[in-house]
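Chemist:
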Ligand code: NAD
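Numbering (full-length UniProt numbering), first residue to last: 1 to 488.
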């Protein structure tokens with residue numbers, strides 16, 4: 001099985017290779033087979049990418065917004081036409097089930113390109129009356145060369161969520177995918193070229209921490225947008241700050257789902273299952289702390305157990321498979337360690353917990369969907385992000401207690417509330433410290449709604465019109481139509 005791209009990097013509208021860079025083997029997580037061999041960027045590759053982006057950006061910023069948007073919309077169309085092929089590649093790269101990648105990855109990337117391709121023509125500044133014939137106006141200017149750094153769970157989606165608003169706003173971008181999933185961003189680059197994006201505006205360089213740091217600290221880059229862990233976010237933000245550059249940080253979470261006694265139990269269970277096991281639990285906004293009001297606990301647990309037992313692990317390319325493996329051996333180790341920690345801390349392992357050996361996929365990085373009950377707030381499995389299919393179930397008595405405990409975390413990415421009482425739904429959503437809250441559903445992230453976290457879960461927002469602000473800076477212009485008054 002091969003998914004060999006033409007070369008490792010994509011710079012100035014073409015594939016580029018530099019075999020001096022350390023080799024990077026790309027594994028199919030379901031079998032641990034090598035599907036591609038790439039090379040990490042050398043300093044020369046970083047220089048080439050920055051130079052290409054720098055030279056292309058000024059002319060792109062002068063292109064009429066409606067024309068910039070047209071290129072993005074064409075790219076969205078091509079992504080949709082190739083969805084099947086791109087989804088297979090994403091499945092090979094991440095291990096996520098094809099059933100998911102067919103609807104959630106390239107499809108979401110296309111939506112981002114379409115959204116910004118449409119709205120950018122309507123972007124406008126303010127006019128401010130300053131009295132006496134004077135007035136001011138504001139305009140949003142692009143930042144220049146922006147750096148995007150991706151996590152491994154949604155590779156093509158993350159690259160497009162960053163590239164689309166950046167390019168729409170007149171910036172160039174250099175994107176560094178996660179070293180675990182380096183392939184599909186190269187496809188996005190090819191497709192943008194095919195859609196008519198001038199060379200140099202979207203470049204992909206492979207690499208790990210070193211390449212990321214080199215791009216952030218390069219004098220010709222203006223901004224970094226990272227999707228990654230809190231620990232990485234703190235380092236990246238500090239580095240960007242030391243160069244007085246802007247940062248958007250999309251980081252981790254330990255989000256709560258609060259289920260009240262009056263909730264529709266099937267919907268609440270559906271939300272909790274999707275919010276814990278989809279993408280084999282590798283989603284930043286997952287609701288990994290499920291708080292059940294005491295009166296619904298038994299009904300909820302019965303349905304949850306029944307539905308979780310029906311989840312099919314298996315061949316990610318089989319359209320009937322629900323869950324594939326985790327992305328890597330390291331990630332599987334980490335998740336299994338947390339399952340051990342949960343047991344030692346005294347939580348009850350209610351379901352799963354194993355690392356199954358599936359026929360034909362004995363070397364795959366699989367972990368069963370796992371549910372812990374009798375979890376207490378102080379336990380590590382209730383406080384730390386696991387990033388795998390591990391749900392912690394906790395119980396509560398009343399609303400005030402639920403809100404206080406849900407907020408008792410360093411994270412603040414997402415939160416969910418299930419209740420039939422809409423007034424309570426809004427009240428609780430209001431009180432929850434999270435960048436995105438769902439009432440009676442979970443983990444839906446349409447392009448039209450801003451996405452991002454508070455507290456340690458991040459800074460800035462992706463998606464919606466909000467993201468345009470994070471890829472631009474405001475220029476204020478004061479216009480005087482009278483005389484300059486001066487005492488000298
Ligand atoms: P990670 O933090 O290990 O790596 C993220 C990216 O940062 C990778 O490309 C990596 O090479 C790069 N990197 C690492 N150290 C760096 C440094 N010092 N300077 C510059 N770049 C550096 O994260 P991961 O393990 O790939 O992904 C999982 C994490 O991402 C989880 O915490 C998850 O919650 C988070 N995540 C957040 C969102 C969101 O939108 N909020 C989405 C997906 C994943």
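Don't be surprised by glycine CBs; every beta carbon is placed ideally from N, CA and C.
Figure out for me which residue from 24, 415, 298, 410 has the closest Cα to the Cα of residue 402.
Modeler: Selected option, being the one with the closest Cα: 415.
Chemist: List the whole-angstrom C-beta distance separating residue 251 from residue 230, where the pair is believed to meet the contact cut-off of C-beta under 8 Å.
Modeler: With 8 Å as the limit, residue 251 and residue 230 qualify as a contact, their Cβ atoms being about 5 Å apart.
Chemist: Out of 193, 79, 399, 208, point me to the one whose CA is closest to residue 150's CA.
Modeler: Comparing Cα-Cα distances from residue 150 to each of 193, 79, 399, 208, the minimum goes to 208.
Chemist: DSSP three-state call for residue 244: helix, strand or coil?
Modeler: It is coil, neither helix nor strand.
Chemist: Between which residues of its own chain and residue 474 is the CB-CB distance below 7 Å, once the five residues before and five after are set aside?
Modeler: The answer, listed in chain order, is 138, 140.
Chemist: When the Cα atoms are used, what is the spatial distance from residue 48 to residue 5?
Modeler: Each residue's alpha carbon lies about 20 Å from the other.
Chemist: Going by DSSP, what residue range makes up the beta strand (DSSP E) through residue 303?
Modeler: First-last for residue 303: 297-309, but that is the alpha helix (DSSP H), not the beta strand (DSSP E).
Chemist: Just the C-alpha distance for residue 320 and residue 364, rounded to the nearest angstrom, thanks.
Modeler: Between residue 320 and residue 364, the C-alpha separation is close to 18 Å.
Chemist: Specify, as a first and last residue, the run of the alpha helix (DSSP H) that residue 338 falls within.
Modeler: It spans 329-345 - the alpha helix (DSSP H) in which residue 338 sits, taken as one unbroken run.
Chemist: DSSP puts residue 192 in a beta bridge; with which residues?
Modeler: Beta-bridge pairing links residue 192 to no other residue.
Chemist: Within 10 Å of its beta-carbon, does residue 348 have 16 or more other beta-carbons around it, so buried, or fewer, so exposed?
Modeler: Its Cβ having fewer than 16 others within 10 Å, residue 348 is exposed.
Chemist: Below 8 Å on the Cβ atoms is my contact criterion, and I expect residue 397 with residue 294 to pass it. Report the Cβ-Cβ distance as a whole number of Å.
Modeler: That belief holds up - the Cβ atoms of residue 397 and residue 294 are roughly 6 Å apart, short of 8 Å.
Chemist: Can you look up residue 161 in the DSSP assignment and give me helix, strand or coil?
Modeler: It is helical.
Chemist: When the Cβ atoms of the stretch 308-323 are set against those of the stretch 88-104, are three or more pairs found closer than 8 Å?
Modeler: Contact between the stretch 308-323 and the stretch 88-104 is present, because at least three Cβ pairs lie under 8 Å.
Chemist: Quick check: residue 36 and residue 361, are their CB atoms within less than 8 Å of each other?
Modeler: Their beta carbons are not under 8 Å apart, which means residue 36 does not touch residue 361 by this criterion.
Chemist: Can you tell me whether residue 348 sits near ligand 1, meaning its C-beta is under 7 Å from at least one heavy atom of the ligand?
Modeler: Residue 348 Cβ: outside cutoff for every heavy atom of ligand 1.
Chemist: Can you tell me whether DSSP reads residue 203 as helix, strand or coil?
Modeler: In this structure, residue 203 counts as strand in the three-state DSSP scheme.
Chemist: DSSP state of residue 77, grouped into three classes?
Modeler: Helix at residue 77.
Chemist: Which same chain residues end up closer than 6 Å to residue 304 when comparing Cβ atoms and leaving out the 5 residues on each side of it in sequence?
Modeler: These residues qualify, in order along the chain: 269.
Chemist: On a Cα-Cα basis, can you pick out the residue from 447, 46, 113, 472 that is closest to residue 210?
Modeler: The option with the nearest alpha carbon to residue 210 is 46.
Chemist: Could you round the C-beta distance between residue 379 and residue 345 to whole angstroms and report it? I think they count as a contact, below 8 Å.
Modeler: With a Cβ gap of about 4 Å, residue 379 and residue 345 count as contacting.
Chemist: For the alpha helix (DSSP H) containing residue 116, name the first residue and the last one.
Modeler: Looking at the DSSP string, the run of the alpha helix (DSSP H) that includes residue 116 is 106-119.
Chemist: Over what stretch of residues does the alpha helix (DSSP H) that includes residue 381 continue unbroken?
Modeler: First-last of the alpha helix (DSSP H) with residue 381: 380-383.
Chemist: Quick one: Cα of residue 213 to Cα of residue 478, how far?
Modeler: The alpha-carbon atoms of residue 213 and residue 478 are separated by roughly 38 Å.
Chemist: Does the contact criterion of 3 or more C-beta pairs under 8 Å hold for the stretch 144-158 versus the stretch 215-225?
Modeler: Touching, yes, given that three or more Cβ pairs across the two stretches are closer than 8 Å.
Chemist: Considering only residues of the same chain and omitting the five flanking positions on each side of residue 72, which have a CB-CB separation below 7 Å?
Modeler: So the qualifying residues of the chain are 113, 116, 117, 164, 167, 168.
Chemist: Per DSSP, what kind of secondary structure is residue 134 in: helix, strand or coil?
Modeler: Three-state DSSP puts residue 134 in a strand.
Chemist: Just verifying my parser: in three-state terms, what is the DSSP assignment at residue 144?
Modeler: Three-state result, residue 144: coil.
Chemist: Do you know whose CA, among 158, 61, 40, lies nearest residue 108's CA?
Modeler: Checked all of 158, 61, 40; the closest Cα to residue 108 is 158.
Chemist: What residues are listed by DSSP as bridge partners for residue 176?
Modeler: The partner list for residue 176 (beta bridge, DSSP) reads 149.
Chemist: For residue 277 and residue 394, which I take to be in contact (beta-carbon distance under 8 Å), what is that distance rounded to the nearest angstrom?
Modeler: In fact, because the Cβ distance is near 18 Å, the residues do not count as touching under 8 Å.
Chemist: Taking C-beta to C-beta, are residue 356 and residue 370 nearer than 8 Å?
Modeler: In this structure, residue 370 does not lie closer than 8 Å to residue 356 by Cβ.
Chemist: When you compare each of 54, 387, 131, 468 to residue 152 by their alpha carbons, which one comes out closest?
Modeler: Checked all of 54, 387, 131, 468; the closest Cα to residue 152 is 387.
Chemist: Just checking, does the stretch 59-78 make contact with the stretch 183-201 on the three C-beta pairs under 8 Å criterion?
Modeler: Contact holds: three or more Cβ-Cβ distances are below 8 Å.
Chemist: Considering only heavy atoms of ligand 1, does any lie closer than 7 Å to the CB of residue 447?
Modeler: Outside the cutoff, so no.
Chemist: Tell me whether residue 208, by its Cβ, gets closer than 7 Å to a heavy atom of ligand 1.
Modeler: Checking the Cβ of residue 208 against ligand 1 gives yes.
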